[in-house]
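Novice: Numbering (this note's numbering), first residue to last: 25 to 275.
Take this structure first; my questions come after.
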Amino acid sequence: KSVQALSVKMKKNLISFNFNSKTTMEDLMGKIIYDLGLNEGFSFQDGPFVDAFANGKWLLIDDINYAPPDILHCIETALDSHLVIFNNGYKTIEYNQHPDFRLFVTQNTDDIKYISKQKTLTTKISPIFKHIEFAEIPKDELIEIATKLCKYYNYTNTELIQDLVDFHYEWSHRPDIISSSYRFTLRDISDTIKLIQQNNNPLDTINTIYASRFPIETRKSLFDLIESKYNHLKSDPVEFALPKQFPPCFK
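Below is the structure:
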């Protein structure tokens, strides 16, 4: 959000790209496509990196930790040489780095939800960037952000949101949660609001996002905590039932 706000303020075109465990070189850099308009029958379709690199746009890459070594090496080479080179089998295509090109990357450094599929940034590419670590968001700012998220998701129960933020803050600071290597962030608040707005059961939603990965004792402590302190988060859990139209062979 910070980069997006800055790009608007600076009146810069921003391209956002999210890495995941299945991202390929073609997804980021571009690919060769069939083109009837050319004699050779093929042309190169720019990916988000090449588009930003050559045309002076800003590129935001989220979860750079997911990038495999070959993609990291490609990014590293482009930034070092200020040049991207491709060969489509018929000719070599060169893209020079535009002076207005800027690259921003984000990574989750200590959340086990991402660690299992993350790759470690090479010691060479990491120094290329200026590192910014964001401190934990204070509770009053979380409430302000959550309130704005409600407007975005068209959700109007402000009392539930107050309880949600208070619960989020207390739950994420429990010693057993801190020692578990799991980290709960603003993303979890946003996902919870979005799902509840879609008429999902509040208690089931919170349990899924905040406790489903933990042992049964920890999940029970979540229910106990909500029961004792957070009235607006209470709801009767939905009992599991197969849909009426579910194929009989699976019943």
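Even glycine gets a Cβ: it sits at the ideal position worked out from N, Cα and C.
From the DSSP output, in three-state form, read off Phe-77 for me.
Specialist: In the sequence shown, counting from the first residue as 1, residue 77 sits at position 53. In the structure shown, Phe-77 sits in a helix (DSSP, three-state: H, G or I).
Novice: Can you give, in chain order, each stretch of the beta strand (DSSP E) that sits fully within the stretch 174-237 and has at least 3 residues?
Specialist: List check, beta strand (DSSP E) in window: nothing returned.
Novice: What is the C-beta distance between Asp-187 and His-97, in whole angstroms, given that I count them as a contact (C-beta under 8 angstroms)?
Specialist: Locating residue 187 in the sequence shown gives position 163, where the first residue counts as 1. Locating residue 97 in the sequence shown gives position 73, where the first residue counts as 1. Rounded, the Cβ-Cβ distance is 48 angstroms, inconsistent with contact.
Novice: When DSSP labels each residue in this structure, what does Thr-171 get in the three-state scheme?
Specialist: Start at 1 with the first residue of the sequence shown, and residue 171 comes out as number 147. If DSSP states are grouped into helix, strand and coil, Thr-171 belongs with the helices.
Novice: Exposed or buried, what is Leu-107 when buried is set at 16 or more other beta-carbons lying within 10 Å of its beta-carbon?
Specialist: Position 83 of the sequence shown, counted from the first residue, corresponds to residue 107. By the 10 Å Cβ count, Leu-107 comes out exposed.
Novice: Check the DSSP bridge columns for Asp-70 and list the partner residues they point to.
Specialist: By 1-based counting over the sequence shown, the position of residue 70 is 46. BP columns for Asp-70 point to Gly-54.
Novice: Check this for me: beta carbons of Thr-209 and Ile-230, under 8 angstroms apart or not?
Specialist: For the purposes of this step, residue 209 is taken as residue 185 along the sequence shown, with counting starting at 1. For the purposes of this step, residue 230 is taken as residue 206 along the sequence shown, with counting starting at 1. No.
Novice: What does the alpha-carbon distance come out to for the pair Asn-178 and Gln-222?
Specialist: Residue mapping note: residue 178 aligns to position 154 of the sequence shown, counting from 1. Residue mapping note: residue 222 aligns to position 198 of the sequence shown, counting from 1. Looking at the two C-alpha atoms, the distance is approximately 10 angstroms.
Novice: Let me check one thing: in DSSP terms, what residues is Ile-39 bridge-paired to?
Specialist: Your numbering for residue 39 matches position 15 in the sequence shown. BP columns for Ile-39 point to Leu-83.
Novice: List the DSSP bridge partners of Thr-116.
Specialist: Numbered from 1 along the sequence shown, position 92 holds the residue referred to as residue 116. According to DSSP, which records beta bridges pairwise, Thr-116 is partnered with Asn-111.
Novice: In this structure, does DSSP put Phe-153 in helix, strand or coil?
Specialist: Residue numbering aside, residue 153 sits at position 129 when the sequence shown is read from its first letter. Reduced to three states, the DSSP call for Phe-153 is coil.
Novice: Report the rounded CA-to-CA distance for Asp-51 versus Ile-152, giving the unit in angstroms.
Specialist: Sequence index remark: in the sequence shown, residue 51 carries index 27 (1-based). Sequence index remark: in the sequence shown, residue 152 carries index 128 (1-based). Distance between the alpha carbons of Asp-51 and Ile-152 is about 23 angstroms.
Novice: Alpha carbon to alpha carbon, what distance is there between Leu-103 and Pro-162?
Specialist: Reading the sequence shown from its first residue, position 138 is the one you call residue 162. Reading the sequence shown from its first residue, position 79 is the one you call residue 103. Using only the alpha carbons, I get a separation of about 36 angstroms.
Novice: Which word fits Ala-235, buried or exposed, when buried means at least 16 other C-beta atoms lie within 10 angstroms of its C-beta?
Specialist: In the sequence shown, counting from the first residue as 1, residue 235 sits at position 211. Flag for Ala-235 reads buried.
Novice: So which of Ser-105, Gly-80, Val-189 and Thr-47 has the shortest CA-CA distance to Asp-94?
Specialist: Locating residue 94 in the sequence shown gives position 70, counting from the first residue. Checking every option, the nearest Cα to that of Asp-94 belongs to Thr-47.
Novice: Assign Lys-33 to one of three DSSP states: helix, strand, or coil.
Specialist: Taking the first residue of the sequence shown as 1, we reach residue 33 at position 9. Looking at Lys-33 - three-state DSSP - the assignment turns out to be helix.
Novice: Am I right that Leu-124 and Gly-54 are in contact with their C-beta atoms under 8 angstroms? What's the rounded C-beta distance?
Specialist: Counted from its first residue, the sequence shown places residue 124 at position 100. Counted from its first residue, the sequence shown places residue 54 at position 30. The sequence shown places Asp at residue 124, not Leu. No, Asp-124 and Gly-54 are not in contact; Cβ-Cβ is about 20 angstroms, not under 8 angstroms.
Novice: Measuring straight from C-alpha to C-alpha, what distance separates Arg-211 and Thr-130?
Specialist: Along the sequence shown, one-based indexing puts residue 211 at 187. Along the sequence shown, one-based indexing puts residue 130 at 106. Cα-Cα distance, rounded: 14 angstroms.
Novice: Find the nearest neighbour of Ser-16 within the set Phe-110, Thr-182 and Leu-173, judged by alpha-carbon distance.
Specialist: Outside the shown range of the chain, which is 25 to 275, sits residue 16, and nothing can be said about it.
Novice: Give the secondary structure of Phe-128 by DSSP, where H, G and I count as helix, E and B as strand, and everything else as coil.
Specialist: Stepping through the sequence shown from its first residue, residue 128 is reached at position 104. Strand at Phe-128.
Novice: Out of Lys-154, Phe-77 and Ile-213, state which residue places its alpha-carbon closest to the alpha-carbon of Asn-120.
Specialist: The residue given as residue 120 occupies position 96 in the sequence shown. Of the candidates Lys-154, Phe-77 and Ile-213, the one whose C-alpha sits nearest the C-alpha of Asn-120 is Phe-77.
Novice: Is it the case that the Cβ atoms of Leu-84 and Ser-40 are separated by a distance below 8 angstroms?
Specialist: For the purposes of this step, residue 84 is taken as the residue at position 60 of the sequence shown. For the purposes of this step, residue 40 is taken as the residue at position 16 of the sequence shown. In contact: Leu-84 and Ser-40 (Cβ atoms closer than 8 angstroms).
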